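Asker: Encoded as structure tokens, here's the structure I'll be asking about.
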Amino acid sequence: MAENPQRVYPMAPAANNGVTQSKSDLESATVQSEELRRRKKMKYLTCGVAFAVFQTILKSPKFRVRPGTLENITVGSANSPSFSMRFNSQLRVKNPNFGPFKYHNTAITFAYRGTPVGEITIHKSKANLLSTKTIDVSTQLSFSSTGNEEWSSDISSGVLPLTSSSKLNGKVTLMFIMKKKKSPNMNCTVEVVLASQAIRNLRCN
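Going by the working numbering, the first residue of the sequence shown is number 78, and it counts up by one from there.
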């Protein structure tokens, strides 16, 4: 009896398909990796441009004392250098930026001829974007000395020169994420006219 010839069936090209699939996966991963790098570069570029613009448009707030009123003025004689008065005024924090300026507690020092005569403390708060915050203040200014070379001249002229100085530390926030430290200074001079018990020639730098 004759034997049937053995049939041989061709094998499917599994190995080739596997290689093709691996190359496809590799190409896809490469494309994704390049896309991620491109997005990161765009993100860094956007942040860099935003930061540069931020630095350009950011302005320093202004911190000033306004003309006020005086009460209960008492002044010593040419031989007895002393004075006491109540000073009522307003402080202004002007914020020219498109974001809030948050500031910390700070003190304002008043002085006569370099000698401290009074101080005002303001508490932390904020000036909103493109706005001016006003703060009502009142303090006692007092001076007493056993000798002052310029006192006699000031008493004779009827005018006492005073200064106010301070530094307001804080941060300006733009777009809710970018923050920049800003510390505007207050350097003001003012004259107290004894005869009229009034303030004149207030100047701030």
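C-beta: ideal position from N, C-alpha, C; glycine also.
In this text the structure is predicted, and so the values were computed from the model without any measurement.
1. Examine the Cβ distances between the segment 173-191 and the segment 244-252 and report whether three or more of them are shorter than 8 Å.
2. Is it right to say S243 is buried, meaning 16 or more other beta carbons lie within 10 angstroms of its own, or is it exposed?
3. For P138 versus P261, is the C-beta spacing smaller than 7 Å?
4. Quick check on DSSP: helix, strand or coil for N264?
5. Just tell me which of L271, M252, T151 has its CA closest to the CA of L206.
6. Leaving aside the five residues before and after R190 along the sequence, list all residues of the same chain whose C-beta is less than 6 Å from its C-beta, in chain order.
7. Roughly how many angstroms separate the alpha carbons of A68 and N182, rounded to a whole number?
8. Using the DSSP secondary-structure output, state which residues sit across from N225 in a beta bridge.
9. What residues in its chain sit with their C-beta under 6 Å from that of K210, if we drop five residues either side in the sequence?
10. Which residues does DSSP list as the beta-bridge partners of P193?
11. Along the chain, where does the beta strand (DSSP E) that runs through Q274 open and close?
12. Leaving out five residues before and five after T216 in sequence, what residues of the same chain have Cβ atoms less than 6 Å from its Cβ?
13. For K258, I'd like the list of residues in its chain whose CB is within less than 6 Å of its CB, leaving aside the five on either flank, ordered along the chain.
14. Buried or exposed: where does N278 fall if 16 or more other Cβ atoms within 10 Å of its Cβ makes it buried?
15. Who are the Cβ neighbours of S233 in its own chain at under 8 Å, not counting the five residues just before and after it?
16. Answer with buried or exposed for M162, where buried requires no fewer than 16 other C-beta atoms within 10 angstroms of its C-beta.
17. In terms of residues, what are the limits of the beta strand (DSSP E) holding L239?
18. Taking the straight line between their C-alpha atoms, what separation do you get for I254 and E268?
19. Would you verify that the beta carbon of L207 is, or is not, closer than 7 Å to some beta carbon of chain C?
Answerer: Reading off the structure:
1. In short, these stretches touch, since the Cβ pair count reaches three.
2. Counting Cβ neighbours within 10 Å, S243 comes out buried, since at least 16 surround it.
3. Closer than 7 Å, so yes.
4. In this structure, N264 counts as strand in the three-state DSSP scheme.
5. Closest by C-alpha distance to L206, out of L271, M252, T151, is M252.
6. Closer than 6 Å at the Cβ level, and outside the excluded window around R190, lie E227.
7. Nothing about residue 68 can be reported from this structure: the residues present for the chain run from 78 to 282 only.
8. Answer is none; N225 lacks a bridge partner.
9. For K210, where only same-chain residues beyond five positions count, the Cβ hits under 6 Å are V170, A204.
10. Beta-bridge pairing links P193 to A188.
11. No residue range can be given for Q274, since it is assigned to no beta strand (DSSP E) and is classified by DSSP as neither H nor E.
12. The residues are F164, G195, I197.
13. For K258, where only same-chain residues beyond five positions count, the Cβ hits under 6 Å are K248.
14. Exposed: under 16 other Cβ atoms inside 10 Å.
15. Closer than 8 Å at the Cβ level, and outside the excluded window around S233, lie A155.
16. M162 is buried by the Cβ-count criterion.
17. Looking at the DSSP string, the run of the beta strand (DSSP E) that includes L239 is 236-244.
18. Taking the straight line joining both Cα atoms gives about 44 Å.
19. The question asks about chain C, but that chain is absent: this structure has only one protein chain.
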